[in-house]
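What follows is one structure encoded as structure tokens, with my remarks underneath.
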Amino acid sequence: MRFVLYLLLMIAVALTVGFGLSYYALTDGRLVGVARVGPWTAWPDIGSSAPNPYTRGHLAREAALQLGQSEGLQFSAVTDNRGEPLTLDCSYRIEGKTPLATFWTLVAVDPQGRNLAGDGQPLALRSSDLARANDGSIIINVGTRLQPHNWLELSGTGPFTLELTLYDTAVFSGFSSDESMPSIIRGECA
937 MRFVLYLLLM
947 IAVALTVGFG
957 LSYYALTDGR
967 LVGVARVGPW
977 TAWPDIGSSA
987 PNPYTRGHLA
997 REAALQLGQS
1007 EGLQFSAVTD
1017 NRGEPLTLDC
1027 SYRIEGKTPL
1037 ATFWTLVAVD
1047 PQGRNLAGDG
1057 QPLALRSSDL
1067 ARANDGSIII
1077 NVGTRLQPHN
1087 WLELSGTGPF
1097 TLELTLYDTA
1107 VFSGFSSDES
1117 MPSIIRGECA
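Residue numbers (the working numbering): 937 to 1126.
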């Protein structure tokens, strides 16, 4: 009787660990296919002709239309540079340089993937619409309260994700430095 109980316990532990690690690999993927640069993450094999199994699983789970590898790459961030979750209760400043790309967009989405742009505002902030510093760096204010300069106005409450999509880029051909992606700095919170 004891043997059967131990066997059932081992099966339960094996299933829990196996399914838990699979879920982790397909959602976070930090150890098995995701490129992480500061708070930004990307799945570089998306759009390739032979993605790794974890990328294929992530694509099947997300069921979203993805860019081809030669078309571009999408980075997303759910935390700021200190590791704190992004929330609409706070304002943020995105500053630094972006990787070389012909064009890029920045959007904010809720956990269900709905765009959080403010009423009457463009759905995305485009690289062609920005005022830049002399060295090409950017400063973008993000939040629900009015901010000066480049501003991505948001509406709503709760957590959100920033998605930076680079179009026509060769970002992973020599891409290894945290300085290549802009920082996300938390400002005032309500």
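Backbone N, C-alpha and C define an ideal beta-carbon position, used for all residues, glycine too.
Buried or exposed for residue i, going by 16 or more other Cβ atoms inside 10 Å?
{"i": "M1117", "result": "buried"}
{"i": "V949", "result": "exposed"}
{"i": "D1065", "result": "exposed"}
{"i": "A1069", "result": "exposed"}
{"i": "A978", "result": "buried"}
{"i": "L1022", "result": "buried"}
{"i": "L941", "result": "exposed"}
Given this structure, state the Cα-to-Cα distance separating residue i from residue j, to the nearest angstrom.
{"i": "Y1103", "j": "P980", "result": "13 Å"}
{"i": "T1097", "j": "L945", "result": "39 Å"}
{"i": "D1071", "j": "T1034", "result": "12 Å"}
{"i": "V1043", "j": "S958", "result": "29 Å"}
{"i": "L1052", "j": "V953", "result": "36 Å"}
{"i": "L1024", "j": "L951", "result": "37 Å"}
{"i": "S1112", "j": "W1087", "result": "Per-residue confidence for S1112 stands at a pLDDT of 46, beneath the threshold of 50, marking its modelled position as unreliable; no derived number is given."}
{"i": "L1090", "j": "A971", "result": "27 Å"}
{"i": "S1045", "j": "F939", "result": "Checking the displayed sequence, the identity of residue 1045 turns out to be Val instead of Ser. If you take the alpha carbons of V1045 and F939, they lie about 51 Å apart."}
{"i": "R1081", "j": "I1074", "result": "20 Å"}
{"i": "V1014", "j": "L943", "result": "40 Å"}
{"i": "G1092", "j": "L1036", "result": "32 Å"}
{"i": "P1047", "j": "M937", "result": "47 Å"}
{"i": "P1084", "j": "G1054", "result": "16 Å"}
{"i": "T1101", "j": "A1067", "result": "18 Å"}
{"i": "R1062", "j": "Q1010", "result": "14 Å"}
{"i": "A1126", "j": "G1032", "result": "25 Å"}
{"i": "E1099", "j": "G1049", "result": "10 Å"}
{"i": "P1095", "j": "G1123", "result": "15 Å"}
{"i": "I1076", "j": "W976", "result": "16 Å"}
Look at residue i and residue j and say whether their C-beta atoms are less than 7 Å apart.
{"i": "I1030", "j": "I947", "result": "no"}
{"i": "T1105", "j": "G956", "result": "no"}
{"i": "G1056", "j": "N1017", "result": "no"}
If residue i sits next to residue j, beta carbons under 8 Å apart, how far is it from one beta carbon to the other, in whole angstroms?
{"i": "S1027", "j": "G1079", "result": "3 Å"}
{"i": "A1060", "j": "T1038", "result": "In fact, because the Cβ distance is near 15 Å, the residues do not count as touching under 8 Å."}
Requested in this report: Only counting runs of 4 or more residues, tell me where the alpha helix (DSSP H) segments fall wholly within the stretch 1036 to 1072, in order along the chain.
Outcome: Runs found: none.
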